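Q: In full-length UniProt numbering, the protein residues as written are 1 to 433.
Glycine is no exception: its CB is placed at the ideal position from the N, C-alpha and C atoms.
Given the structure is predicted, the values throughout are model-derived calculations rather than measurements.
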Amino acid sequence: MSLALDASPQSAPADADDGVWLECIACGATFAPFDDVRYTCDDCDGLLEVRYADPPGWNEFDGEGVWRYSAALPFEEDEARSASDDGDAAGAWFSLPEGHTPLHEVPRLREGTGVNRLRVKHEGMNPTGSFKDRGMTVGVRVARKLGVDRLACASTGNTSAALAAYGARAGMETLVLLPAGKVAAGKVAQASLHDARILEVDGNFDDCLDIVQELAAREEAYLLNSLNPFRLEGQKTIGFEILERFHADYGTYPDRIVLPVGNAGNTAALFKAFRELVAAGALAVDEVPKLTGVQAAGAAPFVEAIADGADEVRRWPDVETRATAIRIGNPVNAPKALPGVRETGGTAVAVEDDEIVDAQRALASEGIGVEPASAASLAGLRRLRDDGVVGADEDVVCLTTGHLLKDPDAAFAAGDDPEPVANSVDAVLDLLG
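(1) Taking the straight line between their C-alpha atoms, what separation do you get for G203 and A180?
(2) Taking DSSP as the reference, what is the three-state secondary structure of F31?
(3) In chain order, what residues of the same chain have a beta carbon less than 7 Å from the beta carbon of T40, not counting five sequence neighbours either side?
(4) Roughly how many angstroms lie between the CA atoms of Q213 and L429, to the nearest whole one?
(5) Helix, strand or coil, according to DSSP, for I328 in the structure here?
(6) Would you list the one or two residues that DSSP bridges to V20?
(7) What is the rounded straight-line gap between the Cα of L259 and the Cα of D195?
(8) Alpha carbon to alpha carbon, how far is L3 from K336? Give it in angstroms, no decimals.
(9) Rounded to the nearest angstrom, what separates residue 434 and L193 at their Cα positions?
(10) By how many angstroms is the C-alpha of P301 removed from the C-alpha of R314?
(11) If we call anything under 7 Å between Cβ atoms a contact, is D395 one with P254?
(12) Provide the residue span of the beta strand (DSSP E) that contains P260, from first to last.
(13) So within the segment 260 to 332, which uninterrupted alpha helix (DSSP H) runs reach at least 4 residues, ignoring any that extend past its ends?
(14) Going by C-alpha to C-alpha distance, which of W316, V294, R197 and P74 sits closest to C398?
(15) Out of curiosity, what's the CA-to-CA distance linking V389 and G346?
(16) Pull up the distance between the alpha-carbon of L363 and that of L109, whole angstroms please.
(17) For a test of the three-state rule: what should DSSP assign to V421, helix, strand or coil?
(18) Among all the DSSP beta bridges, which residues are the ones paired with C398?
(19) Can you give me the Cβ contacts of P418 inside the same chain, cut-off strictly under 8 Å, excluding the 5 residues immediately before and after it?
(20) Does the segment 3 to 20 come within contact of the segment 116 to 135, defined as at least 3 CB pairs closer than 8 Å?
(21) With a threshold of 7 Å on Cβ separation, who are the neighbours of A273 within its own chain once the five nearest residues in sequence on each side are excluded?
(22) Can you tell me whether DSSP reads residue 444 as helix, strand or coil?
(23) Give a yes or no on contact between the segment 351 to 363 and the segment 372 to 379, applying the rule of three or more CB pairs nearer than 8 Å.
(24) Would you say the segment 94 to 111 touches the segment 166 to 182, given that touching needs at least three Cβ pairs under 8 Å?
(25) L199: which of S160, S226, G186 and A170 sits nearest, CA to CA?
(26) Just how far apart, CA to CA, sit G369 and V319?
(27) Buried or exposed, going by whether 16 or more other CB atoms sit within 10 Å of the CB of D86?
(28) From the DSSP output, read off the bridge partner residues of A217.
(29) How would you call L224, buried or exposed, if buried means at least 16 neighbouring beta carbons within 10 angstroms?
(30) Comparing alpha-carbon positions, which option in D386, E111 and T321 lies nearest A296?
(31) Quick check: the Cα distance between A282 and P56, rounded to an integer number of angstroms?
(32) Which partner residues does H403 have in the DSSP bridge list?
(33) I need the DSSP call for I198, collapsed to helix, strand or coil.
(34) Note down the Cα distance separating G114 from I257, rounded to an integer number of angstroms.
(35) Once you ignore the five residues that flank V183 on each side, which residues in its own chain have a CB closer than 8 Å to its CB?
(36) Do A53 and residue 504 count as a contact pair if the criterion is CB distance below 7 Å?
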């Protein structure tokens with residue numbers, strides 16, 4: 001199966017369901033989308049993608065949020081809203097709703113970075129505070145369609161919060177595995193309040209994912225990490241929204257999208273969105289933005305693979321960064337994301353934690369509150385401008401993936417301490433000078 005931008009559209013195979021099927025990106029084997037639970041290829045264990053016989057163009061989208069793009073999702077919105085066994089249509093749809101997040105203008109940051117245009121796509125404005133909600137509204141609907149009973153994920157925090165909320169919306173049991181002591185308290189609190197069962201594993205995120213994959217293989221749970229191809233279908237709507245809004249404002253598309261890389265799901269998802277638009281004739285190949293990934297220097301296996309020209313990512317057994325959401329040493333979507341960076345003419349860069357904190361403060365100065373991992377995108381843009389990789393004539397979108405309140409301890413550390421003052425107006429005025 002080709003992941004090239006200009007790959008020709010395919011005819012639906014015999015096992016397609018209403019023009020939708022699963023296809024292995026490694027060997028090209030195809031599978032019916034909803035006849036059985038599968039996450040990887042039955043033949044070679046390669047990653048799967050959801051494929052469409054007729055990818056839609058811009059004029060086939062209607063409404064707001066993720067489900068505006070239902071024509072590009074595994075089932076139309078009407079089907080997604082269809083009644084569940086108990087007749088509860090809202091429960092069958094499992095939307096909170098999500099998507100339709102802001103694409104902020106940031107004039108001071110634009111001036112500071114020296115690019116032609118700069119916008120910030122703030123995914124922290126989703127219902128649980130991160131982009132993960134986009135994938136969950138689709139993934140949980142698929143889980144119900146497949147008839148599974150228990151949802152599960154490994155998480156650095158945001159996936160667990162989203163899965164717990166959407167699992168609660170669906171009335172389904174949810175199980176989350178977290179690396180002990182490595183997840184921000186705000187994210188654990190979200191999963192806890194939504195009544196997920198939380199297990200803290202004596203290991204890192206990649207160890208947690210290994211366990212969840214084994215549970216899924218034993219049919220003990222339905223895996224909803226981004227290894228699940230349906231998760232990425234929801235996440236690709238970020239790409240649709242960026243292009244639509246940017247074009248509406250400027251009559252053109254951004255030259256580059258800079259985004260944090262953890263498990264590389266968003267990089268893979270945006271690349272898939274662009275390929276589908278090209279296949280539909282809605283986007284020219286030379287209009288596709290350069291996908292530019294950013295990792296923390298202490299957790300940068302994807303950057304290493306790009307720099308080395310490697311086809312595979314070498315697993316880093318020990319990773320460390322204060323940007324907990326991207327503290328991942330084995331990005332499972334690398335086989336989809338590496339071609340995404342290369343085919344679009346993008347790159348990948350690693351930044352230090354202090355650069356991330358500086359970028360977090362800079363975004364806050366524009367009123368945009370993000371967790372540390374989100375600020376990696378701006379930190380990466382700054383580094384690439386300094387290195388001469390990004391030109392002054394470029395139109396750039398930075399993707400911020402999670403809200404400030406996801407990691408309040410990091411926010412306190414990056415911000416200024418409160419000042420004590422006596423209980424009087426005069427004392428306040430004295431401090432104000």
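A: From the atom records:
(1) 7 Å
(2) strand
(3) G46, L47 and L48
(4) 60 Å
(5) coil
(6) D17 and Y52
(7) 31 Å
(8) 8 Å
(9) Nothing in the structure corresponds to residue 434, since the chain is present only between 1 and 433.
(10) 6 Å
(11) yes
(12) R256 to P260
(13) 265 to 279 and 301 to 308
(14) V294
(15) 10 Å
(16) 8 Å
(17) coil
(18) V120 and V258
(19) none
(20) no
(21) K236, G239 and F240
(22) Because the chain in this structure spans residues 1 to 433, residue 444 falls outside the shown range and cannot be described.
(23) yes
(24) yes
(25) S160
(26) 25 Å
(27) Caution applies to D86, whose pLDDT of 45 falls short of 50 and renders its modelled position unreliable; the model cannot decide the point.
(28) DSSP, once it has assigned bridges, lists no residue as partnering A217.
(29) buried
(30) T321
(31) 8 Å
(32) V370
(33) strand
(34) 16 Å
(35) S155, T156, G157, S160 and T324
(36) Because residue 504 is not part of the residues shown, which for the chain are 1 to 433, the question remains open.
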